[in-house]
Every structure is written in structure tokens, then in C-alpha cells.
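This report concerns only the one structure given below.
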Amino acid sequence: MLSSAQGIETEIPEALPQVKLRNWSGKPGFCVPGTQKCAHKPPNKVNAGFLPSNSRNFTEPPAAVILYFMANEAGERAKFEVTATRRRPKTFDELAGQEFVVSTLKNSLDQRTIAHAYLFSGPRGCGKTSAARILARSLNCEKGPTANPCGVCANCREIAAGSSLDVIEIDGASNTSVNDVRQIKDEVLFPPQGGTYKVYIIDEVHMLSTSAFNALLKTIEEPPPYIVFIFATTELHKVPATIKSRCQQFAFRLIPMETIKAILKDLCDEMKIEAEDEALFWIARESTGSLRDAFTLFDQVVSFSSGHIRTELIREKLGLVGLERLNELAEASVEGNLKGGLEILDAILSSGVAIEQFVIDMAGYYRSLLLLKNSVTRESLLGYPADRFSAKVLEKLDSPRLEQALELLLDCYRDIRYSVSPRFEAETLVSKLSWLKNWIPPVELRAAVEQARKALDSGGSGPRPSQPGSPPKAAVPSLSQEFLRRVAARESHSPRTERTGPDSAEADTQEDDTPMWNRPERGQTALDSQVQQVLRIFRGTVVPGGNPASDGEGRNR
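Counting in the working numbering, the sequence shown runs from 1030 upward without gaps.
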């Protein structure tokens, strides 16, 4: 029996099933079977109360019933549960992509070699907190400690609901002071209430202050036998070495892309949603190894897909550049078609794609081309099947030029933030990519200079007639020979230093017109100096006439 504030006694059944009715005003309400009472508004309203089935008189309902009705009404409005919470692993077997962690923890539970402190580290969304809760459930299960908790006993259900008194979860980001740690030191003196162990899960432990870490050292090193600490962090380098040395460390890894795609495929089958493989692959790739990020992006895509997840719809809604557009732009660039490239860029930006996203997609595209050029064909690394990339671009660009394209894209992404106009940066980028095929790598320049040096050292005087008595053919100067000719011309026209004194006449007599590379006392040093000068001048430039952004001396502007 419960009494209201006015002293009216009301019977409250053990189970309170809710039945939707219509209350006295004709609005939807709730009724508790067996009491003939109805409630439809919170108790702070004037007309809130019980309504007998055959009367219009009001009495104030008990607070427990009102709270029950309010909770159920809120539950009706908030039935949806995000996928990341609904699909949170409940056993070690459901923990995806962490085989080493799972096998080690299961073996320690089977062998009863349970440590007093664990440190879980790794990137976001890879299962650290889930693993900590599973370990706590395994330790306090009525059948445990066991590697396979039953999930139906009172302890397992309380831990799953977050209401267990023996499993305390603490947010390290909001409990950083020494006073918070001092409270933990006082609480560990009390044994567990219903389970075997009292487990403290401290998430984002690296946020604790230095004083808090120092206050926790003694407790971690020699805790009571029923205490287990589980620390989770995304920044292991911020955790002091004194804490690490007292814990068993487990490094969680990024979840493979194929595993995330398989999980999303099973999720679509469970929800009876049609999805293209390419669309699921894109979601798995964008999650960057985080299963929580994949579930969050999946929920967003499902919300506008109307039961059918398509790649084209994702590109349209989220502002992405498709592979076909990237192939068209890259082909126009290798053909030197700057006008066509700028038109394709304008069409991409006009479709709503952000400039930053365009540069990111282009960088990923040229990275995939570089991998293909080096015989890497794994779809998980390329992002698309290998046969979908342009064969023309792969044929005309070698690895050094693909690396130069990637460098241009990365520089452009860094420059966008401080640019006068991000669009100008994107258009300049397309212009640079259009003369990429004419770019000369420094390796080729050095090879040409080395070839010229060898020709000088051998002392050859040019081609000879193939047969005795036949007239010599006109020799076509090579690039190295033309370079040497220009160096000789520069040496012959350089002014000589005037000398004074008694030895000046003798010095002028010994001076001749021999080129500097044939002078044994300083020829090698001078040639090395010229080689370095040429490499400095020509590094990163293109052949004459091929680079619209270079000046008359072959240097980039």
C-alpha cells in the first residue's frame, strides 16, 4: 500500500504493464490495470492525477506511479538505440579484431592467474572499454571467474545495466584531482557486495594529474586481494612509467577493413537493409579502423538511404568525389589539357564538394596509383578494385612523378588554411599536375651529370668513322656534351684576376687556355662544384618549354 500526499491509499501491483487509453480530456493516457486509475501528465500540472473509470473526480497519484508513467512515456518516445550501443560486445568472442588480447585474457581466466591491474591502450573505437566490462563480468559471474560469462545471472545483468555496486566506472577526464583518488583509496577497503571481485574501470586514465597518479601508486602496487583495476587510454605515452610497470599492458589494434565490412554486412542482413558492397566498403574505409566510427557513419547513411544504401547516394549527400571524376581529371592532367582539367574541377566544386575533401580524395587517388605502380593490388589498400583505375595514367606516369604529385597535393592541403582563396590553390594544383609528365626528377639530372663526368674523364673526342677512309658523320651533341660546352664557354669568358708583383709575368706565361677540368691540380674540385651547382639549379624543374611556371633560367618561380 502506498499513500499519496493527501493520505489516500492506493494499491500498486508488482508489475505495472502500461495500456494506452483515453483520459478524461480525450487525450492519450496510461492506465494501471487493477487500480482503475489513469495518469496522463506529470505531477506538476494542475490536472494531473488519478481518474476512476466511472468518475471525473481527481486525487493526487502516488509519486512512484507518476514516475513509472513518466519513464514509460519517455521510453515510448525514445525507442531507437544507436548501433554502437546496441552492438556493443558482451563476450570475448564478440570482440572483433583483437585476437591476441582475447586469447591472453581467456587463458588467464581459465588458469586463475588474474592480475590486480590491467592497462588497455589503443586508438578510439577498438574495444577497450567493452573489453574492460567483459572482463569485469567474467570475474563476477556466478559461474566464474570464467572466460564465458553466462549473461543471465544477477551479477551479469547488473553489470550489463551499469547498476552493479561491485563494478565502478570512473571517467578519468572529469575526476583528475588527488581528492578523487583519495576517495578510491578509502573505498577499496570495503569488500564486494555480491560478486567475487570489486572492479574499478578508469577510462581515459591519461587525463589524471601527476599528483593523482602518485597517490594511486601504492594502491595499485599492493591492493586488497579482491580489487582489480582496469585502465583504458588512447594516449599511452602520457601514462607515467611507474603506472605502466605495475600493470599488465594490452595494446589494442585498429580493426581490419575487411572485418568491419563483414560486420556491416551482417548488420544490414539483421536490419533487412539492401546495401551495395562498394558503399559498405566506403564506410569501412572512412572509419579508419574504428568500429564505433563505422557504426556511427552507418546510422547516418541509413537515415537518408530509405532502406537501400547506394554509393551514388552517399556521394550526393555527403559531398564526395567519385572515382570516375578522379580518373577524368587525372587523364586530362597527363594529356596536358589544362582547360579540360579546370572545367572538371569547376564541375566537382559546383556539385557541393568541399575543396579540402577534393584534395583529400585526389591524394588518396594518387596514393593508390603509386601502390598499383609498385604491384600492390589489394582492394583494402587501394580503396577500389585495381581495374577501375585509369590505365592511361598508370602508363604515362612513373613512380617518381606519382610521388611528386602526392607531394604537391600534401603541400596544397597545408597551404589551403593560410591561402587568400582555397579555390585559387586548387586551380594552381590542377595547373601543376598538367605539366607533371614533363617534370625531371633529381635522380635523372644527377645521372646526366655523372654521364658527363665520365665522358670528360675518359678523354674521348667524339665519334669516329665506322670504316677507314669513309667521311666522318656529323655528330649530334648529347645533353651532357651540350652542358660541357656551355661550362667551357663560361670558363673562357670569365675575367682573370689581375696580378701584380715580380712573379706576375711568370704566372701569366704559365697560364694557358686549357679548360679547368683538364687541369690536374684543381680539375676534380671544380667539376664537383659545377655538378652541385647544376643540381641546385635544376632540382625540381622541367625541360625547357615544358613548364609554364618556370622562368627563363630554368628555375621555378
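From the three backbone atoms N, C-alpha and C, an ideal C-beta is built for every residue, glycine too. Predicted model, so just to flag it, every value in this text is computed and none were measured.
Item, Value
"Span separating the alpha-carbon of I1230 from that of K1301", "36 Å"
"R1314 burial status per 10 Å Cβ neighbour count (16 or more: buried)", "buried"
"C-beta atoms of F1589 and K1346 nearer than 8 Å", "The shown model of the chain, from 1030 to 1586, leaves out residue 1589, and the question about it has no answer."
"Between the CA atoms of Q1277 and D1209 - distance to the nearest angstrom", "23 Å"
"Cβ-Cβ separation, R1275 to A1244 (assumed contact under 8 Å), whole Å", "Going by Cβ atoms, the distance from A1244 to R1275 rounds to 14 Å, so no, they are not a contact pair."
"K1117 to A1160 span [Cα, whole Å]", "A quick correction: the sequence has Arg, not Lys, at residue 1117. If I take the Cα positions, the gap works out to 10 Å."
"Residues near K1294 by beta carbon distance below 7 Å, same chain, minus five either side", "L1309"
"Touching by the beta-carbon criterion (3+ pairs, under 8 Å), the stretch 1355 to 1372 and the stretch 1456 to 1473", "yes"
"Beta-carbon proximity check, L1435 vs A1392, cutoff 8 Å", "yes"
"Check whether L1439 and K1402 have beta carbons under 8 Å apart", "no"
"V1196: first and last residue of the uninterrupted beta strand (DSSP E) it sits in", "V1196 to D1200"
"Helix, strand or coil at I1231 [DSSP, three-state]", "strand"
"Own chain, CB closer than 7 Å to W1311, minus 5 neighbours either side, in chain order", "T1340 and I1343"
"The stretch 1168 to 1175 contacting the stretch 1280 to 1294, beta-carbon criterion three pairs below 8 Å", "no"
"Exposure label - S1450; buried when at least 16 CB within 10 Å", "exposed"
"Alpha-carbon to alpha-carbon, K1267 and S1240", "14 Å"
"Reference I1338, options L1296, V1217 and S1319, closest by Cα", "L1296"
"Exposed unless 16 or more other CB atoms sit within 10 angstroms - verdict on S1335", "exposed"
"Alpha-carbon to alpha-carbon, P1254 and I1213", "15 Å"
"G1412 classed as buried or exposed, judged by whether at least 16 other C-beta atoms fall within 10 angstroms", "buried"
"Reduced DSSP secondary structure (H/G/I, E/B, other) of E1303", "strand"
"Distance between beta carbons of L1410 and L1400, contact taken as under 8 Å", "6 Å"
"Three-way DSSP call (helix, strand, coil) for A1176 in this model", "coil"
"V1131 - DSSP class collapsed to helix/strand/coil", "helix"
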